[in-house]
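In the numbering used here, the protein residues as written are 127 to 264.
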């Protein structure tokens, strides 16, 4: 647990624990992707946030007007363009070496203030189908 909370896969040094102290207001967006047919994905995201809210005791609500946590769904083929458009990250081959990206900002007290997650739906849909198959099997 220590490694997950205090380290970053792209930095060798240990960092301070970064947490949300304020309510999380999230929005789901789509980049070069038709939003129709993604109701299940949005429902899963909402379920995950409800669970996280119970575990962390941080208030988490959907807010399309003033989000501080943006979730951007796109296809793998558009990940590089989305990363370049919405972040300043310059890690080589990030779009091909990962299936999602989390970019966050924090204040001087290490409190998280803003976050963006870019998720390749190609991979997420595959995981969802595998999970459904496992559930149907049991």
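Heads up, the beta-carbon is just placed ideally off N, CA and C, and yes, glycines get one too.
Handout entry: 4 or more residues per run - each alpha helix (DSSP H) lying fully within the segment 197–234
Key = 205–212, 220–223
Problem - Terminal residues of the alpha helix (DSSP H) in which residue 181 lies - result: 165–182
Practice task
Taking the CB atoms as reference points, tell me whether residue 172 and residue 191 lie closer together than 8 Å.
Solution key: no
Practice task
Please confirm whether residue 229 and residue 239 have their CB atoms less than 8 Å apart.
Solution key: no
Problem - The beta strand (DSSP E) enclosing residue 188, as first and last residue numbers - result: 186–188
Problem - Per DSSP, the bridge partner or partners of residue 238 - result: 146, 232
Handout entry: residue 195 - partner residues in DSSP beta bridges
Key = 152, 241
Problem - Backbone secondary structure at residue 129 - three-state DSSP - result: Residue placement at residue 129 is flagged as unreliable, the pLDDT there being 42, under the threshold of 50; the coordinate-derived value follows with that caveat. The answer is helix: DSSP assigns residue 129 an H, G or I state.
Exercise for the section: For the segment 163–183 and the segment 200–214, state whether three or more C-beta atom pairs, one from each stretch, are separated by less than 8 Å. Expected result: no
Practice task
Measure the Cβ-Cβ separation of residue 144 and residue 194 and say whether it is below 8 Å.
Solution key: no
Problem - Inter-residue spacing [alpha-carbon to alpha-carbon] between residue 158 and residue 196 - result: 16 Å
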